[in-house]
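Quick notes on the structure that follows.
Residue numbers (the working numbering): 93 to 189.
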(Lines of atoms letter the chains of each structure in order from A and count residues from 1; the text may use other names and numbers.)
(Lines give C-alpha, C1' and ligand atoms only; values in the text may rest on other atoms or scores of the structure.)
Protein backbone atom coordinates (compact mmCIF):
# COMPACT_ATOMS: atom_id res chain seq x y z
CA UNK A 1 0.00 0.00 0.00
CA UNK A 2 2.85 2.43 0.79
CA UNK A 3 4.53 1.71 -2.56
CA UNK A 4 1.29 2.62 -4.31
CA UNK A 5 1.00 5.85 -2.31
CA UNK A 6 4.62 6.68 -3.06
CA UNK A 7 3.87 6.35 -6.76
CA UNK A 8 0.78 8.56 -6.33
CA UNK A 9 3.19 11.16 -4.96
CA UNK A 10 6.31 10.71 -7.09
CA UNK A 11 4.89 10.20 -10.59
CA UNK A 12 2.65 13.29 -10.84
CA UNK A 13 5.38 15.33 -9.17
CA UNK A 14 7.88 14.09 -11.76
CA UNK A 15 5.60 15.11 -14.63
CA UNK A 16 4.93 18.56 -13.15
CA UNK A 17 8.64 19.08 -12.47
CA UNK A 18 9.39 18.27 -16.12
CA UNK A 19 6.81 20.81 -17.31
CA UNK A 20 8.10 23.44 -14.85
CA UNK A 21 11.64 22.82 -16.10
CA UNK A 22 10.59 23.44 -19.69
CA UNK A 23 8.55 26.54 -18.87
CA UNK A 24 11.12 28.18 -16.60
CA UNK A 25 14.10 27.59 -18.85
CA UNK A 26 12.20 28.71 -21.92
CA UNK A 27 12.43 32.20 -20.38
CA UNK A 28 15.56 32.00 -18.19
CA UNK A 29 19.10 31.43 -19.43
CA UNK A 30 21.13 29.54 -16.78
CA UNK A 31 24.27 31.50 -17.68
CA UNK A 32 22.50 34.74 -16.66
CA UNK A 33 21.73 33.53 -13.13
CA UNK A 34 23.54 35.11 -10.18
CA UNK A 35 23.85 34.03 -6.53
CA UNK A 36 24.48 36.86 -4.06
CA UNK A 37 25.71 39.13 -6.83
CA UNK A 38 28.17 36.72 -8.44
CA UNK A 39 27.53 34.45 -11.41
CA UNK A 40 26.87 30.78 -10.70
CA UNK A 41 29.95 28.63 -11.05
CA UNK A 42 27.92 25.79 -12.56
CA UNK A 43 27.47 24.59 -16.10
CA UNK A 44 24.12 24.92 -17.83
CA UNK A 45 23.52 21.18 -17.46
CA UNK A 46 24.20 21.39 -13.72
CA UNK A 47 21.72 24.24 -13.33
CA UNK A 48 19.11 22.32 -15.34
CA UNK A 49 19.67 19.22 -13.20
CA UNK A 50 19.58 21.03 -9.85
CA UNK A 51 16.51 23.00 -10.85
CA UNK A 52 14.71 19.83 -11.92
CA UNK A 53 15.37 18.16 -8.57
CA UNK A 54 14.27 21.28 -6.68
CA UNK A 55 11.05 21.41 -8.73
CA UNK A 56 10.51 17.68 -8.21
CA UNK A 57 11.04 17.94 -4.44
CA UNK A 58 8.64 20.90 -4.15
CA UNK A 59 5.92 19.18 -6.14
CA UNK A 60 6.45 15.93 -4.20
CA UNK A 61 5.80 17.83 -0.97
CA UNK A 62 2.60 19.18 -2.50
CA UNK A 63 1.50 15.72 -3.67
CA UNK A 64 2.37 14.18 -0.30
CA UNK A 65 0.28 16.78 1.51
CA UNK A 66 -2.64 16.06 -0.83
CA UNK A 67 -2.28 12.32 -0.19
CA UNK A 68 -2.14 12.89 3.57
CA UNK A 69 -5.26 15.05 3.51
CA UNK A 70 -7.08 12.43 1.41
CA UNK A 71 -6.63 9.73 4.09
CA UNK A 72 -9.77 8.66 5.93
CA UNK A 73 -10.02 9.15 9.71
CA UNK A 74 -9.88 5.35 10.09
CA UNK A 75 -6.52 5.19 8.30
CA UNK A 76 -5.10 7.99 10.42
CA UNK A 77 -6.39 6.81 13.81
CA UNK A 78 -6.16 3.03 13.60
CA UNK A 79 -3.78 1.15 15.84
CA UNK A 80 -1.29 -0.84 13.70
CA UNK A 81 -0.51 -3.31 16.52
CA UNK A 82 -2.57 -6.54 16.82
CA UNK A 83 -5.12 -6.48 19.65
CA UNK A 84 -3.27 -8.91 21.94
CA UNK A 85 0.02 -6.96 21.68
CA UNK A 86 -1.29 -3.39 22.09
CA UNK A 87 -0.07 -1.18 24.93
CA UNK A 88 -2.68 -0.25 27.50
CA UNK A 89 -3.16 3.28 26.18
CA UNK A 90 -4.12 1.97 22.74
CA UNK A 91 -6.58 -0.53 24.20
CA UNK A 92 -8.32 2.23 26.22
CA UNK A 93 -9.33 4.02 23.05
CA UNK A 94 -11.62 1.15 22.08
CA UNK A 95 -11.43 -1.07 19.06
CA UNK A 96 -8.46 0.27 17.09
CA UNK A 97 -8.44 -2.40 14.41
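Glycine included, each C-beta is placed from N, C-alpha and C at the ideal position.
As the structure is a prediction and not an experimental result, all values here were calculated from the model.
Whole-number beta carbon distance between residue j and residue i, since they are thought to touch under 8 Å
i, j, result
"residue 211", "residue 122", "Residue 211 falls outside the range modelled here, since the chain spans only 93 to 189, and no answer is possible."
Close beta carbons around residue i, own chain, < 8 Å, minus the five adjacent residues each side
i, result
"residue 113", "140, 143, 144 and 147"
"residue 134", "122 and 142"
Extent of the continuous alpha helix (DSSP H) to which residue i belongs
i, result
"residue 137", "136-161"
"residue 115", "94-119"
One or two residues paired with residue i in a DSSP bridge
i, result
"residue 164", "Bridge partners of residue 164: none, in fact."
"residue 130", "127"
Residue nearest to residue i in terms of C-alpha spacing, selected from the options
i, options, result
"residue 64", "106, 164 and 95", "Outside the modelled stretch of the chain, which goes from 93 to 189, sits residue 64, for which no answer is possible."
"residue 108", "178, 149 and 179", "149"
"residue 93", "163, 132 and 115", "163"
Residues near residue i in its chain [Cβ-Cβ closer than 6 Å; skip 5 each side]
i, result
"residue 136", "122"
7 Å CB neighbourhood of residue i in its chain, flanking five on each side removed
i, result
"residue 101", "152, 155, 156 and 159"
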